[in-house]
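Engineer: A single structure is presented below for examination.
Number of protein chains: 2
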Amino acid sequence: MVTPTPTSAVSADSLLTPAEMVDRTGVTLDTLRYYESEGLLSDVARAANGHRRYSEGDVRWINVLRCLRDTGMSMAQLRHYCDLGDQGAVTRPERKRILLAHRSLVEQQIEERRRALDLIDGKLGAYADVEIDVEERS
Amino acid sequence: MVTPTPTSAVSADSLLTPAEMVDRTGVTLDTLRYYESEGLLSDVARAANGHRRYSEGDVRWINVLRCLRDTGMSMAQLRHYCDLGDQGAVTRPERKRILLAHRSLVEQQIEERRRALDLIDGKLGAYADVEIDVEERS
DNA sequence: CCTTGACCTGGAGCGCGCACCAGGTAGTTC
DNA sequence: GAACTACCTGGTGCGCGCTCCAGGTCAAGG
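Respectively, the protein sequence lines represent chains A and B. Everything in the first sequence is counted per my numbering, starting at 2 for the first residue and increasing by one. Everything in the second sequence is counted per my numbering, starting at 2 for the first residue and increasing by one.
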């Protein structure tokens, strides 16, 4: 399963309502539901009235998802990664491969951005004489 | 036929044909025209038959555009930046401001990616025992 | 003369990742 | 008991940044 569930018994008061989840993760309600519908977040608990209840594990998992998304992993890749998680330990090698591949991609992104900084600094050199009005608004 | 086009014959006056521009910049024909139509690339020369002719300056400028785009500057911001350039020296302070702002954004991106590396490495720790089949083909 | 190929223009189409909306239910508040 | 709030489901819409397409021009080659 995707979300680590340490025990079968979960202390009820540690579960978060959707609104609390939004606060904790910074992810919107719509996006949380979207991720769940796409299989990125499985086994979300429900209250008696059908409302979702998120665990601390869900919070951590959403943070992982956002980290990967924000560094350029596509929904499709993320879905694949989650599917592998759902399929059990036999997929661990491939999950490791995916993480390693993404890791090197992130390193490339850092390199690309370092080069960008150099280019920007080069252009900024042409503005060395320009004083920026610190009082300027907006 | 995939026979290499006779690019050995460099176009006169060191101006580049659209196809040559694609080779030099890695940007597609459609995108080059799109950028021009959006005002990111002005005053592109034309041959007698109406075909575009790009200068070495155009090549350098496209590289700047791609650098900024690839680090998250939106088309709208890029358009604004180019408009300022077209308006002359009076806009230099704002152009500098934009570059500085984007510079700090890129630095934030690097920081975010460093944190991503930490998180990925943390997860990779759980796979320390996993051997990846190096022979695996794909 | 006919074909081929590079390029032209204007406009439509598209994939992604959400964001928004309508219509409904369950629990609390006055 | 009426309103209000929080949430539900299923579906549609949308902004961005290209990407593709139809239909045409022009020049060179066989």
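Cβ coordinates follow ideal geometry from the N, Cα and C atoms, glycine included.
According to the Cβ coordinates, are A/Glu113 and A/Met76 closer than 8 Å?
Structural biologist: In this structure, A/Met76 does not lie closer than 8 Å to A/Glu113 by Cβ.
Engineer: Which residues bound the alpha helix (DSSP H) around B/Ser158?
Structural biologist: Here chain B has residues from 2 to 139 only, and residue 158 of chain B is not among them.
Engineer: What do you reckon, are the CB atoms on A/Arg104 and B/Ile121 nearer than 8 Å?
Structural biologist: Yes, the Cβ-Cβ distance between A/Arg104 and B/Ile121 is below 8 Å.
Engineer: Using CA atoms only, rank isn't needed, just tell me which of A/Arg67, A/Leu41, A/Thr18 is closest to A/Asn50.
Structural biologist: Taking only the C-alpha atoms, the option nearest A/Asn50 is A/Thr18.
Engineer: Using a Cβ-Cβ cut-off of 8 Å (strictly less than) and excluding sequence neighbours within five positions of A/Arg80, which residues of its own chain qualify?
Structural biologist: Contacts found: Glu39, Gly40, Leu41.
Engineer: Could you tell me which chain A residues have their CB closer than 7 Å to the CB of B/His81, listed as they occur along the chain?
Structural biologist: Those do not exist, as B/His81 stays about 14 Å from chain A at its closest Cβ, beyond 7 Å.
Engineer: Is it a yes or a no for the stretch 95-111 of chain A touching the stretch 62-75 of chain A, going by three-plus beta-carbon pairs under 8 Å?
Structural biologist: Because the criterion of three Cβ pairs below 8 Å is met, the stretch 95-111 of chain A and the stretch 62-75 of chain A touch.
Engineer: Taking a Cβ distance cut-off of 8 Å, strictly less, list which residues of the stretch 99-122 of chain A are near chain B, in chain order.
Structural biologist: The residues in question are Leu100, Leu101, His103, Arg104, Val107, Glu108, Gln110, Ile111, Glu113, Arg114, Arg115, Arg116, Ala117, Leu118, Leu120, Ile121, Asp122.
Engineer: Compute the distance between the beta-carbons of B/Leu100 and A/Lys124, then report whether it is under 8 Å.
Structural biologist: Yes; because the gap between Cβ atoms is below 8 Å, this pair is in contact.
Engineer: If you compare alpha carbons, which of B/Glu37, B/Gly27, B/Ala129, B/Leu69 is closest to A/Arg116?
Structural biologist: It is B/Leu69.
Engineer: Please go through the same chain and pick out, in chain order, the residues whose beta-carbon is closer than 7 Å to the beta-carbon of B/Val23, but skip the five residues on each side of it.
Structural biologist: Result list for B/Val23: Thr29, Leu30, in chain order.
Engineer: In the DSSP assignment, the alpha helix (DSSP H) including A/Leu41 goes from what residue to what residue?
Structural biologist: Looking at the DSSP string, A/Leu41 is not in any alpha helix (DSSP H), and its letter there is neither H nor E.
Engineer: Hey, is B/Thr141's beta-carbon within less than 8 Å of any beta-carbon in chain A?
Structural biologist: Residue 141 of chain B lies beyond the residue range present for chain B, which begins at 2 and ends at 139; the question has no answer from this structure.
Engineer: Do B/Val65 and B/Thr26 have their beta-carbon atoms positioned less than 8 Å apart in this structure?
Structural biologist: No, Cβ-Cβ distance for B/Thr26 and B/Val65 is not below 8 Å.
Engineer: Rounded to whole angstroms, how far is the Cβ of A/Pro94 from the Cβ of B/Val131, which I believe are closer than 8 Å?
Structural biologist: Contact flag correct, Cβ pair sits at about 5 Å.
Engineer: Taking the alpha-carbon of A/Gly58 as reference, which of A/Ala90, A/Arg47, A/Thr92, A/Ser15 has the nearest alpha-carbon?
Structural biologist: Comparing Cα-Cα distances from A/Gly58 to each of A/Ala90, A/Arg47, A/Thr92, A/Ser15, the minimum goes to A/Ser15.
Engineer: Name the chain B residues that come within less than 8 Å of A/Arg96, Cβ to Cβ?
Structural biologist: Those within 8 Å of A/Arg96 in chain B are Tyr128.
Engineer: Give a yes or no on whether 8 Å exceeds the smallest Cβ distance from A/Arg93 to chain B.
Structural biologist: A/Arg93 counts as touching chain B.
Engineer: Using a Cβ-Cβ cut-off of less than 9 Å, give me the residues of the stretch 56-68 of chain B that come near chain A, in sequence order.
Structural biologist: Per Cβ criterion, the list reads Asn64, Val65, Cys68.
Engineer: At what residues does the alpha helix (DSSP H) containing B/Thr26 begin and finish?
Structural biologist: That run of the alpha helix (DSSP H) goes 19-26.
Engineer: Does the beta-carbon of A/Ser12 have 16 or more other beta-carbons within 10 angstroms, so that it is buried, or is it exposed?
Structural biologist: Confidence is the limiting factor: at A/Ser12 the pLDDT is only 40, short of 50, which leaves the residue's position unreliable, though a coordinate-based value still follows. Its Cβ having fewer than 16 others within 10 Å, A/Ser12 is exposed.
Engineer: In three-state DSSP terms, what is B/Tyr82?
Structural biologist: Of the three classes helix, strand and coil, the one that applies to B/Tyr82 here is helix, per DSSP.
Engineer: Any beta carbon from chain B within less than 8 Å of A/Tyr28's own beta carbon?
Structural biologist: It should be pointed out that residue 28 of chain A corresponds to Val in this sequence rather than to Tyr. Taking Cβ atoms only, chain B never reaches closer than 8 Å to A/Val28, which makes this a no.
Engineer: Using a Cβ-Cβ cutoff of less than 7 Å, which residues in the same chain neighbour B/Arg83 once the five nearest sequence positions on both sides are dropped?
Structural biologist: Looking at the sequence provided, one finds Cys at residue 83 of chain B rather than Arg. Answer for B/Cys83: Gly40, Leu41, listed in chain order.
Engineer: Roughly how many angstroms separate the alpha carbons of A/Leu85 and A/Thr92, rounded to a whole number?
Structural biologist: Taking the straight line from one Cα to the other gives about 6 Å.
Engineer: Check the Cβ of B/Leu42 against every Cβ in chain A and list those closer than 8 Å, keeping chain order.
Structural biologist: Under the 8 Å cutoff, chain A gives no residues; its nearest Cβ is about 17 Å from B/Leu42.
Engineer: Under a CB-based cut-off of 8 Å, is A/Val45 close to chain B?
Structural biologist: Closer than 8 Å: no.
Engineer: By the criterion of Cβ-Cβ separation under 9 Å, what are the contact partners of A/Leu125 in chain B?
Structural biologist: Ordered by position in chain B, the residues that pass the 9 Å Cβ test against A/Leu125 are Lys97, Leu100, Leu101, Arg104.
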